[in-house]
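The structure appears below as structure tokens.
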Amino acid sequence: MKYDVAVIGGGVVGSMILRELSRYQLKSILLERQEDVAMGASRANSAIVHAGFDAKPGTKKADFNVKGNALMETVAKELSVPFCRNGSMVLAFSDEDLETLETLRLRGEENGVPMLRILCPEEVWEKEPAISREIKGALWAPTGGIVCPYELTIGGIENAMDNGAELKTNFCVTGIRKDGDSFVVVSPEEEICASYIVNAAGLFADEIARMVGDDSFSISPRRGEYELLDKTQGTLVHATIFQPPTKMGKGILVTPTVDGNLLTGPTSEDISDKEDTETTAAGLDKVQKLAVKSVPGINYRNVITAFTGLRACPDSGDFVIGPAKGEPHLIHAAGIESPGLTSAPAIAPEIVRLLGEAGLPLHPKEDFCPNRRPFPKFREMSDEEREALVQQDPRFGKIVCRCETITEGEVLEAIHRNPPARSVDAVKRRTRAGMGRCQGGFCGPQVVEILARELGIPMDEVTKSGGKSRMLTGKTRGEGGAI
Amino acid sequence: MKKLDLVIIGGGPAGMAAAVAAYEKGVRNLLILDREPQLGGILEQCIHNGFGLHRFKEELTGPEYAARFAEKVAEYGIPCLLNTMVLDLETESDGTKIVTAVSPQEGYLKLNARAVILAMGCRERPRGALNIAGTRPAGIYTAGAAQKFVNIKGQMPGKRVVILGSGDIGLIMARRMTLEGAKVEAVCELMPYSGGLTRNIVQCLADFGIPLKLSHTVVQIHGKERVEAVTIAAVGPDRRPIPGTEEKIPCDTLLLSVGLIPENELSRQAGVEMDPVTGGAVVDENRQTSIPGVFACGNVLHVHDLVDYVSEEAEIAGKQAAAYLDGCRMDAEMFPVSGKDGVRYVVPQRIRKGAAPFALYFRVGDVYRDVRIVVECGGKTLVSRIKKKVAPGEMETLPLKAEQVSQIDGLVTVRLEQKGAE
Numbered sequence: 134m135k136y137d138v139a140v141i142g143g144g145v146v147g148s149m150i151l152r153e154l155s156r157y158q159l160k161s162i163l164l165e166r167q168e169d170v171a172m173g174a175s176r177a178n179s180a181i182v183h184a185g186f187d188a189k190p191g192t193k194k195a196d197f198n199v200k201g202n203a204l205m206e207t208v209a210k211e212l213s214v215p216f217c218r219n220g221s222m223v224l225a226f227s228d229e230d231l232e233t234l235e236t237l238r239l240r241g242e243e244n245g246v247p248m249l250r251i252l253c254p255e256e257v258w259e260k261e262p263a264i265s266r267e268i269k270g271a272l273w274a275p276t277g278g279i280v281c282p283y284e285l286t287i288g289g290i291e292n293a294m295d296n297g298a299e300l301k302t303n304f305c306v307t308g309i310r311k312d313g314d315s316f317v318v319v320s321p322e323e324e325i326c327a328s329y330i331v332n333a334a335g336l337f338a339d340e341i342a343r344m345v346g347d348d349s350f351s352i353s354p355r356r357g358e359y360e361l362l363d364k365t366q367g368t369l370v371h372a373t374i375f376q377p378p379t380k381m382g383k384g385i386l387v388t389p390t391v392d393g394n395l396l397t398g399p400t401s402e403d404i405s406d407k408e409d410t411e412t413t414a415a416g417l418d419k420v421q422k423l424a425v426k427s428v429p430g431i432n433y434r435n436v437i438t439a440f441t442g443l444r445a446c447p448d449s450g451d452f453v454i455g456p457a458k459g460e461p462h463l464i465h466a467a468g469i470e471s472p473g474l475t476s477a478p479a480i481a482p483e484i485v486r487l488l489g490e491a492g493l494p495l496h497p498k499e500d501f502c503p504n505r506r507p508f509p510k511f512r513e514m515s516d517e518e519r520e521a522l523v524q525q526d527p528r529f530g531k532i533v534c535r536c537e538t539i540t541e542g543e544v545l546e547a548i549h550r551n552p553p554a555r556s557v558d559a560v561k562r563r564t565r566a567g568m569g570r571c572q573g574g575f576c577g578p579q580v581v582e583i584l585a586r587e588l589g590i591p592m593d594e595v596t597k598s599g600g601k602s603r604m605l606t607g608k609t610r611g612e613g614g615a616i
Numbered sequence: 161m162k163k164l165d166l167v168i169i170g171g172g173p174a175g176m177a178a179a180v181a182a183y184e185k186g187v188r189n190l191l192i193l194d195r196e197p198q199l200g201g202i203l204e205q206c207i208h209n210g211f212g213l214h215r216f217k218e219e220l221t222g223p224e225y226a227a228r229f230a231e232k233v234a235e236y237g238i239p240c241l242l243n244t245m246v247l248d249l250e251t252e253s254d255g256t257k258i259v260t261a262v263s264p265q266e267g268y269l270k271l272n273a274r275a276v277i278l279a280m281g282c283r284e285r286p287r288g289a290l291n292i293a294g295t296r297p298a299g300i301y302t303a304g305a306a307q308k309f310v311n312i313k314g315q316m317p318g319k320r321v322v323i324l325g326s327g328d329i330g331l332i333m334a335r336r337m338t339l340e341g342a343k344v345e346a347v348c349e350l351m352p353y354s355g356g357l358t359r360n361i362v363q364c365l366a367d368f369g370i371p372l373k374l375s376h377t378v379v380q381i382h383g384k385e386r387v388e389a390v391t392i393a394a395v396g397p398d399r400r401p402i403p404g405t406e407e408k409i410p411c412d413t414l415l416l417s418v419g420l421i422p423e424n425e426l427s428r429q430a431g432v433e434m435d436p437v438t439g440g441a442v443v444d445e446n447r448q449t450s451i452p453g454v455f456a457c458g459n460v461l462h463v464h465d466l467v468d469y470v471s472e473e474a475e476i477a478g479k480q481a482a483a484y485l486d487g488c489r490m491d492a493e494m495f496p497v498s499g500k501d502g503v504r505y506v507v508p509q510r511i512r513k514g515a516a517p518f519a520l521y522f523r524v525g526d527v528y529r530d531v532r533i534v535v536e537c538g539g540k541t542l543v544s545r546i547k548k549k550v551a552p553g554e555m556e557t558l559p560l561k562a563e564q565v566s567q568i569d570g571l572v573t574v575r576l577e578q579k580g581a582e
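So the sequences go chain by chain: A and B. Heads up: the first sequence runs through residues 134 to 616, numbered per this note's numbering. Heads up: the second sequence runs through residues 161 to 582, numbered per this note's numbering.
And the structure:
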């Protein structure tokens with residue numbers, strides 16, 4: 134099988150690029166090493182659409198951030214992904230911080246961020262009564278927003294697949310070689326051929342680059358730990374609340390999520406293991422201590438889960454976007470750390486433009502449809518919509534996850550729509566089943582059963598997230614199992 | 161819209177007992193709604209025995225105990241809608257309630273009810289609330305989820321198990337997993353005492369040689385895809401891990417039995433006043449909530465340790481809902497009840513002026529020996545009783561006689577007094 138373009142990496146950047154490619158008369162494929170898409174940084178991050186005042190003017194980060202922010206609304210609407218322009222604030226706790234805010238404001242204006250304003254404490258408290266009484270002011274950026282990063286990734290890939298693109302999961306690229314003009318992309322199981330490659334491999338983008346002899350950059354993981362709280366805490370603040378940035382990042386933030394939870398974090402710690410997503414007691418402790426500095430009323434008894442995300446930090450400090458050194462047919466979309474989620478919708482057309490410059494013929498598809506069929510969300514429907522849906526398909530009348538009000542119909546959509554869910558976590562990311570306050574205590578067994586039935590496998594072969602992560606170890610004695 | 165006198169939300173032990181009691185008091189136009197495909201609630205997966213000792217003087221299994229009530233429900237012909245999830249509860253301007261529910265068979269439905277009994281039960285506290293550091297692999301379950309896998313689905317969640325928390329479900333699952341051939345390495349309990357019933361500690365751990373590690377907790381989970389080990393540590397009086405006491409136990413499964421939380425999202429949404437300590441509604445001695453005509457009973461009101469008491473409480477709610485439907489006014493002056501000096505909470509939280517005799521249910525916050533339980537009202541001592549031992553895991557019941565109830569004319573406090581304390 135020969136493809137025009139192979140995109141390596143199924144994160145939000147790969148997703149947006151695949152979708153952009155599907156606008157053209159091309160045979161494109163996305164290769165993902167994990168069993169599902171959105172498994173790296175796109176699964177675990179702050180879920181923030183940044184306004185764009187952080188990055189230094191003139192950098193790629195600054196450019197794509199502001200452009201991506203402007204594009205996000207349309208992309209989210211087309212892909213039917215929840216997005217909310219809730220605005221963001223950077224708090225100042227000292228006079229020195231106030232100076233930092235002024236620097237950020239000027240920097241933002243230079244980057245083209247609209248409507249930035251410094252608020253006095255009273256204005257802050259009027260907007261956000263839960264904010265600390267210790268603050269001296271805040272930078273207000275009304276264009277800041279929140280989005281669900283994995284839903285955006287999944288939505289983009291589904292839309293791309295609806296427009297003819299392909300997806301291969303469990304394809305771990307171990308080598309790339311040239312065969313005439315084309316590349317052969319190798320995994321332990323199979324090989325595929327492609328004329329062009331896009332490197333959107335996140336933390337592993339430097340390793341992909343080295344496979345074609347490009348050692349011009351390296352990527353190191355930076356660990357960020359988060360705590361997610363129940364919806365009872367989700368209305369504590371409306372905007373995204375930042376602390377003044379430091380060298381290591383944008384500090385600990387407190388933000389509502391598009392699903393109504395409260396998210397706090399991240400810590401920021403440079404590590405060496407690209408797969409170390411453990412949470413630590415010290416990290417979680419730090420998140421809590423610093424988050425209550427901004428919003429003292431957070432009740433951490435309502436934590437529903439903690440997680441660690443790894444940002445892909447490039448040694449250059451800026452996004453690596455452009456052809457590989459010595460290999461013009463491989464285009465990097467690498468080192469996409471924060472504000473990567475925000476930037477992704479703007480990076481994608483740039484990558485396609487670069488592919489065109491490198492010689493890829495770009496003929497638009499006449500029948501490209503930018504809209505993804507909305508994923509049915511029973512919990513968000515009106516009475517009339519619910520009534521009609523259940524009448525049409527009674528499986529939408531069976532509530533599987535009671536915390537989040539997720540129906541069996543939604544679980545089935547997750548399993549049967551592209552990109553298909555094959556594990557308990559994949560169902561969770563698509564539907565929110567198991568994401569509520571009981572964290573799958575009630576719906577877990579049901580989701581396992583539905584997956585087994587729909588995939589035609591025994592229950593004990595169902596995994597939490599692919600590989601060896603089996604949920605069960607066999608049957609009980611009464612069912613004929615043996616220990 | 162279908163009009164009903166009484167809708168009972170939940171068909172577990174509380175809902176069934178409430179429905180039966182209401183029926184016996186003459187309510188005929190009633191309906192039980194339950195989200196599961198059968199009545200019985202959590203009892204269906206509790207296949208061990210020990211249920212009904214107080215009520216039936218017999219040791220029944222969970223399904224047997226449930227069957228006693230389900231048979232009554234069937235005998236009386238009380239209608240039930242199963243596979244039905246209630247999504248919303250609202251009060252109309254005329255005081256009737258609108259119950260919105262959905263099921264595959266009935267579709268999306270709205271019911272109008274003059275009275276509602278909340279009997280939705282409780283759920284287990286998940287890992288997130290504990291903040292255990294480490295990875296997030298497969299193999300971490302609440303004890304109840306594991307119980308469902310083993311007893312209902314016939315599937316084993318793991319072979320080598322560590323259990324965190326010595327709540328009753330955790331203790332029961334330690335024995336259950338052992339009987340199915342799994343090895344239970346240890347049960348760790350953060351507190352210096354178990355939260356479970358003494359009989360379960362003996363019958364489920366001691367009899368099988370499973371170590372109970374008091375004042376211990378799990379500090380880290382290891383394993384990328386499936387649990388490979390957990391690190392446990394001793395905790396000090398401040399309940400924080402003591403450095404240097406860590407011990408890594410290889411295992412493939414971590415079961416959590418770290419507390420139950422009344423499932424009151426619906427009640428909160430309906431505007432029912434809640435008790436932050438019980439996690440359930442604030443009720444009077446009739447089990448009526450702050451919304452007239454809305455009653456609550458069973459584990460949705462406060463977590464019980466014995467189902468016998470759930471049935472008892474549900475019968476109060478059922479009878480009183482019937483009285484409410486008969487036009488009995490329940491808007492008399494209310495006197496608050498509160499616990500102090502070691503008493504964590506008391507149910508009911510309010511007593512109506514002129515109340516009939518009733519019982520106070522309460523839980524203590526720590527283990528106390530040789531204590532005096534004192535119930536007071538405005539300087540008068542209503543009850544004073546000596547108890548050899550009280551513990552957080554065992555709910556206390558204190559019946560009040562008519563002459564004691566008649567003395568209530570203000571705040572009622574329930575407190576512990578150290579017997580012979582210096």
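Just so it is clear, CB atoms sit at the ideal spot from N, CA and C, and this is done for glycine as well.
Quick one: give me the first and last residue of the alpha helix (DSSP H) that residue i is part of.
| i | result |
| --- | --- |
| residue 260 of chain A | 254-260 |
| residue 193 of chain A | 193-212 |
Verify the CB distance criterion: does residue i have a CB-CB separation below 9 Å to chain A?
| i | result |
| --- | --- |
| residue 267 of chain B | yes |
| residue 297 of chain B | yes |
| residue 434 of chain B | no |
| residue 204 of chain B | no |
| residue 362 of chain B | no |
| residue 252 of chain B | no |
| residue 302 of chain B | yes |
By DSSP, does residue i sit in helix, in strand, or in coil?
| i | result |
| --- | --- |
| residue 294 of chain B | strand |
| residue 480 of chain A | helix |
| residue 427 of chain A | helix |
| residue 644 of chain A | There is no way to answer for residue 644 of chain A, as the model of chain A reaches only from 134 to 616. |
| residue 564 of chain B | helix |
| residue 344 of chain A | helix |
Have a look at residue i and residue j and give me their C-alpha separation to the nearest angstrom.
| i | j | result |
| --- | --- | --- |
| residue 393 of chain B | residue 502 of chain A | 57 Å |
| residue 601 of chain A | residue 250 of chain A | 51 Å |
| residue 357 of chain B | residue 554 of chain B | 7 Å |
| residue 359 of chain B | residue 419 of chain B | 18 Å |
| residue 292 of chain B | residue 573 of chain A | 17 Å |
| residue 192 of chain B | residue 470 of chain B | 17 Å |
Return the Cβ separation of residue i and residue j in integer angstroms, given the expectation that the two are a contact with Cβ distance under 8 Å.
| i | j | result |
| --- | --- | --- |
| residue 397 of chain B | residue 445 of chain B | No, residue 397 of chain B and residue 445 of chain B are not in contact; Cβ-Cβ is about 38 Å, not under 8 Å. |
| residue 388 of chain A | residue 374 of chain A | 7 Å |
| residue 442 of chain A | residue 178 of chain A | 5 Å |
| residue 186 of chain A | residue 238 of chain A | 7 Å |
| residue 428 of chain A | residue 279 of chain A | Between residue 279 of chain A and residue 428 of chain A the Cβ distance is about 16 Å, and since that is not below 8 Å, they are no contact. |
| residue 507 of chain A | residue 213 of chain A | 4 Å |
| residue 139 of chain A | residue 318 of chain A | 5 Å |
| residue 575 of chain A | residue 283 of chain B | 7 Å |
Is any heavy atom in the ligand MG found nearer than 8 Å to the beta carbon of residue i?
| i | result |
| --- | --- |
| residue 177 of chain A | The ligand MG is not among the ligands present in this structure, which contains no ligands whatsoever. |
Which residues bound the beta strand (DSSP E) around residue i?
| i | result |
| --- | --- |
| residue 332 of chain B | Residue 332 of chain B -> not in any beta strand (DSSP E); alpha helix (DSSP H) instead, spanning 328-339. |
| residue 606 of chain A | No beta strand (DSSP E) holds residue 606 of chain A; DSSP gives it neither H nor E. |
| residue 263 of chain B | 257-263 |
Output yes if chain B places a C-beta closer than 9 Å to the C-beta of residue i; else output no.
| i | result |
| --- | --- |
| residue 566 of chain A | no |
| residue 180 of chain A | no |
| residue 439 of chain A | yes |
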